[in-house]
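Okay, so here's the structure we're looking at.
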Amino acid sequence: MPEQATIQGRTVRRAPHQYTVVWYESSSAKRKAVETEDFYLIPLRKVGFIEYDGDVYNMEVEEEHDYLASFFAVSNCQNWLTSQALRDDAAGTAPRVVSADRLVSMARECGARMVGSSYNEPLITAEWAVEVFGKARGAGLKTAFISNGNATPQVLDYLRPWTDCYKIDLKTMSDRGYRQLGGVVGNILETVRMVHERGFWEEVVTLVIPGFNDSEEELRRAAEFIASVSPDIPWHVTAFHQDYRMTENANTTAEQLVRACEIGRASGLKFIYAGNLPGRVGRWENTYCPACGELLVERYGYQIRKMRVGADGLCPACATKIPGVWA
Numbered sequence: 004m005p006e007q008a009t010i011q012g013r014t015v016r017r018a019p020h021q022y023t024v025v026w027y028e029s030s031s032a033k034r035k036a037v038e039t040e041d042f043y044l045i046p047l048r049k050v051g052f053i054e055y056d057g058d059v060y061n062m063e064v065e066e067e068h069d070y071l072a073s074f075f076a077v078s079n080c081q082n083w084l085t086s087q088a089l090r091d092d093a094a095g096t097a098p099r100v101v102s103a104d105r106l107v108s109m110a111r112e113c114g115a116r117m118v119g120s121s122y123n124e125p126l127i128t129a130e131w132a133v134e135v136f137g138k139a140r141g142a143g144l145k146t147a148f149i150s151n152g153n154a155t156p157q158v159l160d161y162l163r164p165w166t167d168c169y170k171i172d173l174k175t176m177s178d179r180g181y182r183q184l185g186g187v188v189g190n191i192l193e194t195v196r197m198v199h200e201r202g203f204w205e206e207v208v209t210l211v212i213p214g215f216n217d218s219e220e221e222l223r224r225a226a227e228f229i230a231s232v233s234p235d236i237p238w239h240v241t242a243f244h245q246d247y248r249m250t251e252n253a254n255t256t257a258e259q260l261v262r263a264c265e266i267g268r269a270s271g272l273k274f275i276y277a278g279n280l281p282g283r284v285g286r287w288e289n290t291y292c293p294a295c296g297e298l299l300v301e302r303y304g305y306q307i308r309k310m311r312v313g314a315d316g317l318c319p320a321c322a323t324k325i326p327g328v329w330a
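Below, the structure is given as structure tokens:
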């Protein structure tokens, strides 16, 4: 049997065993599928979990297609209580059915200025985000997309008219490391470029994990790459804590985060932040004017203690335009 085959114009590796599913019009299996003009929509009966150490592949075909395997089921998820609510009973967070109109109303009732699409991976529900964002924009709210960065040009073009801000997780600069998490580093780096080119306000986050992605060389490569796209892109280096299925690595220290911030500054980035360790990283929680050094935003964790930038986005001391989305 040949090792490769061509399916819908794509060359793929042929597995040692091939299976064919045949549907008869009168069969019960056929009746469970929903047939449209272009697609068969097939319900998933069960999602299984297996221990696996190796590469993960998605098969694509030409023209329009879709599949639900675009998210990374990463073992080091720091937000798994939310992101895994539909997949892991231990998460203990019950999902709620809510309309786009109700979400926007809830945001306004809370006094929010922005709504965001996040956990799990929002790229697999981009249509839902656009529906919510359209209504949010109409209510005067800003919008944000919080993503793993595994995007295509088409979905970014689809999101752009409705999305102000786009945050990307850059988990590692190592392709091997990314494959361990279920992704490909080249795809993420290309998304960072594409998001900036399309005019989103972009921020990048790297969870610094001791023994996984915290070497000086790797942190410098990440910072230099971001700076090559734009030195105005904020880089958030955040502290890892043992959680979910990654408990063998040590927790990140404040000293390690400060070192990462200093690497970012030396690489040409103007806005670097240390996260998850409030009150322990000094100046790296705050925003300073890159021109005159004036303190612009003072933070403690998620709390803003001082806000000295208005809607015009200007430094109050020297009138330098501070890049960002200001309200």
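Counted the way my numbering counts, the sequence shown spans residues 4 to 330. All C-beta atoms in this analysis are idealised placements derived from N, C-alpha and C, irrespective of residue type, glycine included.
When you compare each of the options to residue i by their alpha carbons, which one comes out closest?
i	options	result
residue 270	178, 295, 221	221
residue 165	236, 131, 109	131
residue 240	255, 230, 231	255
residue 104	117, 97, 142	142
residue 209	251, 277, 317	277
residue 285	259, 7, 170, 236	259
residue 113	212, 144, 300	144
residue 172	291, 317, 237	237
residue 315	219, 323, 268	323
residue 162	232, 273, 134	134
residue 272	185, 99, 232	232
residue 118	97, 98, 140	140
residue 116	167, 293, 187, 261	167
residue 297	306, 287, 307, 311	311
Alpha carbon to alpha carbon, how far is residue j from residue i? Give it in angstroms, no decimals.
i	j	result
residue 201	residue 136	17 Å
residue 138	residue 124	21 Å
residue 263	residue 279	14 Å
residue 326	residue 107	27 Å
residue 147	residue 53	34 Å
residue 226	residue 110	34 Å
residue 127	residue 289	33 Å
residue 223	residue 101	43 Å
residue 215	residue 244	13 Å
residue 178	residue 235	25 Å
residue 313	residue 328	10 Å
residue 228	residue 185	21 Å
residue 283	residue 242	11 Å
residue 299	residue 307	11 Å
residue 121	residue 251	27 Å
residue 68	residue 7	Residue placement at residue 68 is poorly supported in this model, since its pLDDT is 43, which falls under 50; the coordinates still yield a value, given next. Taking the straight line from one Cα to the other gives about 21 Å.
residue 66	residue 129	Here residue 66 scores only 46 on pLDDT, less than 50, and its place in the model should not be relied on; the value that follows carries that caveat. Residue 66 and residue 129: Cα-Cα distance of roughly 19 Å.
residue 330	residue 268	27 Å
residue 291	residue 261	16 Å
residue 287	residue 207	15 Å
Please list, in chain order, all residues of the same chain as residue i whose beta carbon is under 6 Å from its beta carbon, the five residues on each side excluded.
i	result
residue 253	213
residue 169	148, 198, 203, 205
residue 281	303, 304
residue 274	237
residue 159	197, 201
residue 75	Caution applies to residue 75, whose pLDDT of 44 falls short of 50 and renders its modelled position unreliable; the value that the coordinates give is listed next. Cβ neighbours of residue 75 beyond the five flanking positions: 151, 184, 185, 186.
residue 293	273
residue 321	294, 295
residue 230	270, 271, 272
residue 319	311
Quick one: what's got a C-beta closer than 7 Å to residue i's C-beta in the same chain, skipping five residues either side?
i	result
residue 219	266
residue 217	211, 259
residue 257	280, 283, 284
Please return the same chain residues whose Cβ sits closer than 8 Å to the Cβ of residue i, not counting the five positions on each side in sequence.
i	result
residue 181	174, 175, 187, 188, 191
residue 309	298, 300, 301
residue 317	323, 324, 325
Q: Pick out the complete beta strand (DSSP E) segments inside the region 88 to 168, 3 residues or longer, and give them in chain order.
A: 117 to 120, 145 to 150
Q: At 4 residues or longer, and completely inside the region 256 to 304: list those alpha helix (DSSP H) runs for me, N to C.
A: 257 to 269
Q.
Does the contact criterion of 3 or more C-beta pairs under 8 Å hold for the region 148 to 163 versus the region 190 to 198?
A. yes
Q: Would you mind listing the alpha helix (DSSP H) stretches within the region 194 to 247 that are 4+ residues and don't spill past its ends, in chain order?
A: 219 to 232
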